[in-house]
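Novice: In terms of my numbering, the sequence shown opens at residue 145 and continues consecutively.
Where a beta carbon is used, it is the ideal one built from N, C-alpha and C, also for glycine.
This structure is a prediction, so every number in the text was calculated from the model and none was measured.
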Amino acid sequence: MSKRLFTLQDAAKEPARPLQLKVLWRRYIIALGLILSVLLVSHILAETELRRTSRDGSAISLSGQQSALLQRISHAAHDYVEYSGADHKAELKESLSQFETLHQQLTRISAHDAMLTGLYTDGSPSLNQLVLSLTSNARLVLAAPQDADDALMQIETAANGTLAARLDNTVNAFETATRTRSVQLQKIQEFSLLIAFLTVIGEVLFIFWPAHKTISSAFTQLRDKQEATEAALTRLSNFAGLAADLFWETDTDGHIIYAEGKFLKQLKGGRDSLIGCRSLDIIQMDEEHLARMQQAHESTTAYTSSHALFTDPDGQTYNIEISGMPRYDASGAFAGYLGVVKDVTAVTKERQKALKLANTDPLTGLGNMRRLESNMPEILAGASPEMPAYLMALDLDGFKAVNDTYGHGAGDEVLKFVAAQMKSIIREDDLAVRSGGDEFLIVFRNAPCREVVEQLARRLNQQLSAPLVLSIGRKARVSASIGVACAPSDGLDLKTLAHAADIALYAAKRGGRNRACFFGDLTPHTQDALAS
145 MSKRLFTLQD AAKEPARPLQ LKVLWRRYII ALGLILSVLL VSHILAETEL RRTSRDGSAI
205 SLSGQQSALL QRISHAAHDY VEYSGADHKA ELKESLSQFE TLHQQLTRIS AHDAMLTGLY
265 TDGSPSLNQL VLSLTSNARL VLAAPQDADD ALMQIETAAN GTLAARLDNT VNAFETATRT
325 RSVQLQKIQE FSLLIAFLTV IGEVLFIFWP AHKTISSAFT QLRDKQEATE AALTRLSNFA
385 GLAADLFWET DTDGHIIYAE GKFLKQLKGG RDSLIGCRSL DIIQMDEEHL ARMQQAHEST
445 TAYTSSHALF TDPDGQTYNI EISGMPRYDA SGAFAGYLGV VKDVTAVTKE RQKALKLANT
505 DPLTGLGNMR RLESNMPEIL AGASPEMPAY LMALDLDGFK AVNDTYGHGA GDEVLKFVAA
565 QMKSIIREDD LAVRSGGDEF LIVFRNAPCR EVVEQLARRL NQQLSAPLVL SIGRKARVSA
625 SIGVACAPSD GLDLKTLAHA ADIALYAAKR GGRNRACFFG DLTPHTQDAL AS
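Encoded structure:
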């Protein structure tokens, strides 16, 4: 607008047309004010509808979760009445707590929405009354499962009948509200576009066209400034299209000449720590992404989402994704690259955390079979007669008695104790996993000799022989029957090696338990007999 003001004022210096330009300027101000007013009102209305739509979307999701929790409460109550287990009771309490929390949130949402007034309070009985009845019956089951047949029947009736249907109705109500608001939002947008279009047409007919001849000479004087502004707008448009945490530009040699964005606030030295640096010298990339970026530079083409590591002057390392495209000067000659950086450190850490959880036994903290299966090919590929790998299979002796006598909680304590002892004997490169129940596997990578593995097996059983004081005050004792197979002599794949270790484990159990047996020490006849 400042450019137009300057142009009109310069043109107004012509003595023949000052009054005409003044009238045109007033029209322009009025038209601009009208556009801004319409846009402001439309923006406020659209923002309001978008917030409501977002809230309705959350409510739909919460309602769906509430319906699922209703079925979960029904199943948990039935299991608790039938089996009276602590796990079933805990599941019922947790499900009930989550159900009540969701109901409170949904009630608050509907209470502040005129389209949903009475959703939870109208009807006989109302949805709130049905929910109160459900929670009361669930608490009766928790308090006295042996006398809760009637309460259980009412819970099942609610889960399969009236309450389930009413909850489905709430989802439909929220969906209807969302659709209604979407229609309203579309109408607001269409109305805004219509007003804006009519206003623009009015500007063209009554302002810009009459003023065209008057101000053409002034625009000629601003040509150079306009070209510079257009170049800046083009740059901003390119940056906006790649929107991320850092905008950058390089010269033809790859040195950074421009940097802007919120990512600079995290860096010691800010922009000055980047300007002048060669982009490929301050990041670390794997071979695949580095080759892709170098190929793009050599062919002067764009590249996207190249993963890299960046370490700032404070030593803080960031995971980043870089996207770039070639830029050209006014003559069309290549002038360097421009692009963006996206900070994906948090996303990468969450992905690594999720991967770790997927490969970890939740009870013991050891690896699981998925982790073993993914690591074993690499381990076996490095095994040789000079530096073999050993697979040790363990099965606990006496664990079933502890589990049957003191319950699953005590059994879990024993499994955690065994896992801790296993962690204490393995090296950093070794891998311990829980394969299931009271069965474990340990992989010793590049073990120097068999005697070391034998010593570790004896040490493990010595540590396991110490009595474990359970949280209930009782003492428990376990030991381990251990079977050991060696790669490459006993097998070159996980399946073969695990089978050999299992055969050696059976031999250890037959030999009196609480001992280790190597598959290679068994005669072929013994191996065949145990395998069958």
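#1: Need the endpoints of the beta strand (DSSP E) that E493 sits in, please.
#2: Count the other C-beta atoms from every protein chain shown that fall within 10 angstroms of the C-beta of I616, then say buried if there are 16 or more, exposed otherwise.
#3: Classify Q565 as helix, strand or coil using the three-state DSSP reduction.
#4: How many Å lie between Q496 and N503 at the Cα?
#5: With DSSP as the reference, identify every bridge partner of N463, one or two as the case may be.
#6: Specify, as a first and last residue, the run of the alpha helix (DSSP H) that T429 falls within.
#7: Is DSSP giving Y447 helix, strand or coil here?
#8: Quick one: what's got a C-beta closer than 7 Å to S218's C-beta in the same chain, skipping five residues either side?
#9: Would Y481 pass as a contact of V628 if the rule is Cβ separation under 8 Å?
#10: What did DSSP end up calling T508 once you bin it into helix, strand or coil?
#11: So, A250 versus L206, is the Cβ gap smaller than 8 Å?
#12: To the nearest angstrom, how far is it from the Cα of D637 to the Cα of L510?
#13: Rounded to the nearest angstrom, what separates L408 and A446 at their Cα positions?
#14: Below 6 Å CB to CB, which residues in the same chain sit around G385 once its five sequence neighbours on both sides are set aside?
#15: Is A384 helix, strand or coil by DSSP?
#16: Quick one: measure Cβ to Cβ for L307 and L278, integer angstroms, because I've assumed they're closer than 8 Å.
#17: Express the C-alpha separation of Q328 and T265 in angstroms, rounding to a whole number.
#18: Report back the beta-carbon spacing between S633 and P532 to the nearest angstrom; my notes put them in contact at under 8 Å.
#19: If you compare alpha carbons, which of T322, G581, L286 is closest to K237?
#20: Give me the Cα-Cα distance between F543 and D582, rounded to the nearest whole angstrom.
#21: Does the segment 559–573 come close enough to the segment 487–501 that 3 or more CB-CB pairs lie under 8 Å?
#22: Tell me the start and end of each unbroken alpha helix (DSSP H) in the segment 591–654 that is at least 4 residues and wholly inside, in chain order.
#23: Ends of the alpha helix (DSSP H) at R571?
#24: How many Å lie between I569 and Q671 at the Cα?
#25: Mapping the DSSP letters down to three states, classify I419 as helix, strand or coil.
#26: Alpha carbons only, please: which of E431, N272, A648, N658 is nearest the one belonging to P668?
#27: Considering just the uninterrupted stretch of the alpha helix (DSSP H) at A303, what are its terminal residues?
#28: Would you mind giving the Cβ-Cβ distance between I400 and L424, rounded to the nearest angstrom? I have them listed as a contact below 8 Å.
#29: Taking the C-alpha atoms as reference points, what is the distance between Q370 and A376?
#30: Could you pull the DSSP bridge partners for V587 from this structure?
#31: So if DSSP puts P470 in a beta bridge, which residue, or which two residues, is it bridged to?
Specialist: With the given structure in hand:
#1: In the sequence shown, the residue the question calls residue 493 occupies position 349. First, the residue type needs correcting, since residue 493 is Lys and not Glu in the sequence shown. K493 -> not in any beta strand (DSSP E); alpha helix (DSSP H) instead, spanning 489–502.
#2: As a first step, residue 616 must be located in the sequence shown, where it is residue number 472. Exposed: under 16 other Cβ atoms inside 10 Å.
#3: For the purposes of this step, residue 565 is taken as the residue at position 421 of the sequence shown. Correct three-state label for Q565: helix.
#4: The count along the sequence shown starts at 1 and reaches residue 496 at position 352. The count along the sequence shown starts at 1 and reaches residue 503 at position 359. Using only the alpha carbons, I get a separation of about 11 Å.
#5: Counted from its first residue, the sequence shown places residue 463 at position 319. Per DSSP, L453.
#6: Here the question's residue 429 lines up with position 285 in the sequence shown. What sits at residue 429 in the sequence shown is Met, not Thr. Element bounds for M429: n/a, residue is neither H nor E.
#7: If you number the sequence shown from 1, residue 447 lands on position 303. Here Y447 sits in strand by DSSP.
#8: Numbered from 1 along the sequence shown, position 74 holds the residue referred to as residue 218. I299, E300, A303, listed in sequence order.
#9: Here residue 481 is taken as the residue at index 337 of the sequence shown, counted from 1. Here residue 628 is taken as the residue at index 484 of the sequence shown, counted from 1. Their beta carbons are not under 8 Å apart, which means Y481 does not touch V628 by this criterion.
#10: Locating residue 508 in the sequence shown gives position 364, where the first residue counts as 1. Note: T508 maps to coil in three-state DSSP.
#11: For this step, residue 250 is matched to residue 106 along the sequence shown. For this step, residue 206 is matched to residue 62 along the sequence shown. In the sequence as presented, Ala is not what sits at residue 250; that position holds Leu. For L250 and L206, yes; Cβs fall inside 8 Å.
#12: In the sequence shown, counting from the first residue as 1, residue 637 sits at position 493. In the sequence shown, counting from the first residue as 1, residue 510 sits at position 366. For D637 and L510, the distance between alpha carbons rounds to 22 Å.
#13: In the sequence shown, the residue the question calls residue 408 occupies position 264. In the sequence shown, the residue the question calls residue 446 occupies position 302. Going from the Cα of L408 to the Cα of A446 covers about 24 Å.
#14: In the sequence shown, counting from the first residue as 1, residue 385 sits at position 241. Model confidence at G385 stands at a pLDDT of 43, short of 50, so the residue's coordinates are unreliable; what they give is reported in the following sentence. Hits under 6 Å: none found.
#15: Position 240 of the sequence shown, counted from the first residue, corresponds to residue 384. In this prediction, A384 has a pLDDT of 48, which is less than 50 and means its spatial position is unreliable; what the coordinates show is noted afterwards. DSSP places A384 in helix when its eight states are reduced to three.
#16: Taking the first residue of the sequence shown as 1, we reach residue 307 at position 163. Taking the first residue of the sequence shown as 1, we reach residue 278 at position 134. Confirmed, about 6 Å.
#17: Position 121 of the sequence shown, counted from the first residue, corresponds to residue 265. Position 184 of the sequence shown, counted from the first residue, corresponds to residue 328. Roughly 27 Å separates the two Cα atoms.
#18: Looking up residue 633 in the sequence shown gives position 489. Looking up residue 532 in the sequence shown gives position 388. So it is a contact: roughly 7 Å between Cβ atoms.
#19: Reading the sequence shown from its first residue, position 93 is the one you call residue 237. It is L286.
#20: Sequence index remark: in the sequence shown, residue 543 carries index 399 (1-based). Sequence index remark: in the sequence shown, residue 582 carries index 438 (1-based). One C-alpha to the other measures close to 7 Å.
#21: no
#22: 594–609, 638–654
#23: Translated into the one-based positions of the sequence shown, residue 571 becomes position 427. No alpha helix (DSSP H) contains R571, which DSSP labels as neither H nor E.
#24: Mapped onto the sequence shown, residue 569 falls at position 425. Mapped onto the sequence shown, residue 671 falls at position 527. Approximately 28 Å, taken between the alpha carbons.
#25: Walking along the sequence shown from the start, residue 419 turns up at place 275. Coil.
#26: Within the sequence shown, the letter at position 524 stands for residue 668. Closest by alpha carbon: A648.
#27: Along the sequence shown, one-based indexing puts residue 303 at 159. First-last of the alpha helix (DSSP H) with A303: 293–304.
#28: Within the sequence shown, residue 400 is the residue found at index 256, counting from 1. Within the sequence shown, residue 424 is the residue found at index 280, counting from 1. Incorrect: roughly 11 Å between the Cβ atoms, too far for contact.
#29: Position 226 of the sequence shown, counted from the start, is the residue given in the question as residue 370. Position 232 of the sequence shown, counted from the start, is the residue given in the question as residue 376. So the alpha carbons of these two residues sit roughly 10 Å apart.
#30: In the sequence shown, residue 587 corresponds to position 443, counting from 1. Answer is L535, L575.
#31: The residue labelled residue 470 in the question sits at position 326 within the sequence shown. Answer is Y481.
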